[in-house]
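*Asks:* The structure that follows is given in the form of structure tokens.
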Amino acid sequence: DPSLRSSLFSAQVSEPVDMPRVMDRLERYIERMPVDVDSIKELAVLRLMKKVIAQNKAILPCVAGSSDGVLFCNGDVAICEPLRPFANIYDYDLHFPALWRDSVKNKQLAQAAGCFCTHPCHLASALLSADNARLLIDEHLIG
Numbered sequence: 007d008p009s010l011r012s013s014l015f016s017a018q019v020s021e022p023v024d025m026p027r028v029m030d031r032l033e034r035y036i037e038r039m040p041v042d043v044d045s046i047k048e049l050a051v052l053r054l055m056k057k058v059i060a061q062n063k064a065i066l067p068c069v070a071g072s073s074d075g076v077l078f079c080n081g082d083v084a085i086c087e088p089l090r091p092f093a094n095i096y097d098y099d100l101h102f103p104a105l106w107r108d109s110v111k112n113k114q115l116a117q118a119a120g121c122f123c124t125h126p127c128h129l130a131s132a133l134l135s136a137d138n139a140r141l142l143i144d145e146h147l148i149g
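For the sequence shown, the numbering used here gives the first residue as 7, with consecutive numbering after it.
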């Protein structure tokens, strides 16, 4: 929903024309790296990003706003970077748990239900979610 978009992001979000080529090259580079937890995670995130772009839909359920969120340097808080902030930590006397439980956050979370993106931080969090472990294997994001 464009009305939820942060002013940090343009009204029209589009992928650069050469993005698939860049992502393919990056995938080949990561595949040549020594295998460790970080390289496996980076490869899985990249493959997930490619699937989201190719299918134009969410592959894994988003965990933004439930297992992670964003605290901007001015104190603004959002469920993810592309969405506009819903509160400011200073309005809660720096008490993050109270802010995170606020109904305003839950309202924005409900409004954003069903959205999807290629944000690597949130995709990585989604990959680490125990609920998504089976989907990760089924989608052959690692192998």
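We put the beta carbon where it would ideally sit given N, CA and C, even for glycine.
1) Extract the residue ranges of the alpha helix (DSSP H) inside the region 38-106, only unbroken runs of 4 or more that lie entirely within it.
2) For MET25 and LEU52, which I take to be in contact (beta-carbon distance under 8 Å), what is that distance rounded to the nearest angstrom?
3) From the DSSP output, in three-state form, read off SER135 for me.
4) ALA116 lies in the alpha helix (DSSP H); which residues open and close that run?
5) Taking DSSP as the reference, what is the three-state secondary structure of CYS127?
6) On a Cα-Cα basis, can you pick out the residue from GLN61, PRO91 and LYS56 that is closest to ALA70?
7) In whole angstroms, what is the alpha-carbon distance linking CYS86 and PRO40?
8) CB-CB under 8 Å to ASN94, same chain, minus the five flanking residues each way: which ones, in chain order?
9) With the cut-off set at 8 Å, would you say THR124 and ILE59 are in Cβ contact?
*Replies:* The structure says:
1) Taken in chain order, the complete alpha helix (DSSP H) segments of 4 residues or longer contained in the region 38-106 are 43-61.
2) Counted from its first residue, the sequence shown places residue 25 at position 19. Counted from its first residue, the sequence shown places residue 52 at position 46. MET25 to LEU52, Cβ: 12 Å. No contact.
3) One-based indexing of the sequence shown puts residue 135 at position 129. SER135 falls in the coil class under three-state DSSP.
4) Position 110 of the sequence shown, counted from the start, is the residue given in the question as residue 116. Here the alpha helix (DSSP H) through ALA116 covers 109-117.
5) Within the sequence shown, residue 127 is the residue found at index 121, counting from 1. CYS127: helix per DSSP, three-state reduction.
6) For the purposes of this step, residue 70 is taken as the residue at position 64 of the sequence shown. The shortest Cα separation from ALA70 among GLN61, PRO91 and LYS56 belongs to PRO91.
7) Translated into positions along the sequence shown, residue 86 becomes position 80. Translated into positions along the sequence shown, residue 40 becomes position 34. Distance between the alpha carbons of CYS86 and PRO40 is about 31 Å.
8) Translated into the one-based positions of the sequence shown, residue 94 becomes position 88. The residues are ASN80, GLY81, ASP82 and VAL83.
9) Numbered from 1 along the sequence shown, position 118 holds the residue referred to as residue 124. Numbered from 1 along the sequence shown, position 53 holds the residue referred to as residue 59. Going by C-beta atoms, THR124 is nearer than 8 Å to ILE59.
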